[in-house]
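Numbering (UniProt numbering), first residue to last: 1 to 306.
Virtual Cβ for every residue (Gly too), placed ideally from N, Cα, C.
The block underneath contains the structure these notes are about, expressed in structure tokens.
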Amino acid sequence: MASEGGRERGRDRAERDTIVQLDIPFCESVPEDLQCGICLNAARDAVVTEECGHLFCRSCISNALDRKKECPVDRTPLTHEQVRKDVRTQRKIQALSVWCYNKKGGCTWKGCLSDLEKHCEKCDFATVKCPFAAHGCDHVVFRKTLTDHIQNNVTSHLVLLCTSMSKLQEENIALQQELDIIQRSDERFIWVIPNFESKRGPVYSRKFTAKTLQWYLGVDFEGPDQHAGVYLFAEGHSRRVDFKLILFNLDPAKDKIHTVNDWSTEFKGKGWGPLKFINRTNLEDTGFLVNNCVRIGVEIESEPFE
């Protein structure tokens, strides 16, 4: 191995992004002959140079050689083909004594590095997420107390699960209706609004791309005479377009269509559309409310203009 001075020079010269901190909790300092010549940690997937015999992590030396074909320690010309796996050194590193990663949490396990990963998979002091995390439970507990957490929070977990299932059901209904309408035409952006009658204030659709630009729709529920306005907004630009709005009916022959070709220059970069597009009275009886959802479509009919 190189002298300490040579090792330090090699580290100083290496780019910072090649230095990988393993953060393995070794019980004692790693012997110098087991350290990578670049990151100075215990060599990970240890390799050795055939010409000068220096030890490195495989990833460290690979990154270094991608930049310059020389040994980072002594500048000896070096290629990827002149680096080989060091099985003997890797075995020595795997035999080093380590603590559990969860030592600060109370785990007293001590063993070989080769057994560390297997131990941590079952360590009682490892912190784990609640199985109901996907449904909204944000508790993180020790593995050994996870069973107690689940048993003590049955009711709250059931509430979270029911809420999550309700949202999934709403999304499923909306997606199915989008699919049904898309089958009528593949040139439209479709927006399905669930629980339409309970909405208050403005609501906005997700963004979509048309004519290489991004747009989104908005509904204002404060329109006059129990009506709601529907507007097209430009996202990240101030272009205008002519467009067509469609309020889909249960019967396609009764779809309500409104063509917009008067986007005012005073509203460049803002929303534009009909103030009284949706009559909120008797939506269900007239066929515009399906499974408590209103379906709105938009077709961009012109090239964008200033």
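Buried versus exposed call for residue i [16 or more other C-beta atoms within 10 Å across all chains shown]
{"i": "residue 54", "result": "buried"}
{"i": "residue 286", "result": "exposed"}
{"i": "residue 27", "result": "exposed"}
{"i": "residue 212", "result": "exposed"}
{"i": "residue 86", "result": "buried"}
{"i": "residue 246", "result": "buried"}
{"i": "residue 232", "result": "buried"}
{"i": "residue 74", "result": "buried"}
Span of the beta strand (DSSP E), counted from its first residue to its last, around residue i
{"i": "residue 92", "result": "Residue 92 -> not in any beta strand (DSSP E); alpha helix (DSSP H) instead, spanning 87-94."}
{"i": "residue 220", "result": "213-220"}
{"i": "residue 97", "result": "97-99"}
{"i": "residue 307", "result": "Within the shown structure, residues of the chain are numbered from 1 to 306, placing residue 307 beyond reach of any answer."}
{"i": "residue 296", "result": "293-300"}
{"i": "residue 105", "result": "Run containing residue 105: none; DSSP gives neither H nor E here."}
Short Cβ contact (8 Å threshold) for residue i with residue j
{"i": "residue 263", "j": "residue 295", "result": "no"}
{"i": "residue 78", "j": "residue 51", "result": "yes"}
{"i": "residue 230", "j": "residue 277", "result": "yes"}
{"i": "residue 82", "j": "residue 49", "result": "yes"}
{"i": "residue 219", "j": "residue 202", "result": "yes"}
{"i": "residue 94", "j": "residue 62", "result": "no"}
{"i": "residue 39", "j": "residue 57", "result": "yes"}
{"i": "residue 47", "j": "residue 88", "result": "no"}
{"i": "residue 303", "j": "residue 244", "result": "no"}
{"i": "residue 297", "j": "residue 206", "result": "no"}
{"i": "residue 102", "j": "residue 130", "result": "no"}
Selected residue, minimal CA-CA separation from residue i, among the options
{"i": "residue 111", "options": "302, 35, 90, 25", "result": "25"}
{"i": "residue 192", "options": "76, 291, 305", "result": "291"}
{"i": "residue 216", "options": "284, 270, 266", "result": "270"}
{"i": "residue 138", "options": "280, 38, 107, 157", "result": "157"}
{"i": "residue 228", "options": "175, 196, 259", "result": "196"}
{"i": "residue 289", "options": "238, 109, 177", "result": "177"}
{"i": "residue 221", "options": "198, 234, 237", "result": "198"}
Enclosing alpha helix (DSSP H) for residue i [first to last residue]
{"i": "residue 245", "result": "It is not in any alpha helix (DSSP H) - residue 245 instead sits in the beta strand (DSSP E) that spans 243-247."}
{"i": "residue 119", "result": "113-120"}
Residue i beta carbon near the ligand FMN (any heavy atom closer than 7 Å)
{"i": "residue 49", "result": "This structure lacks the ligand FMN; in fact it carries no ligand of any kind."}
*asked:* My parser needs the alpha helix (DSSP H) runs of 4 or more residues fully inside the stretch 128-178; what are they?
replied: The alpha helix (DSSP H) runs lying completely inside the stretch 128-178 and spanning 4 residues or more are 146-152, given in chain order.
*Could you tell me which uninterrupted beta strand (DSSP E) segments, each at least 3 residues in length, are contained entirely in the UniProt domain "RING-type" (36-75), listed from first to last along the chain?*
As far as the UniProt domain "RING-type" (36-75) is concerned, its whole beta strand (DSSP E) runs of at least 3 residues are 46-49, 55-57.
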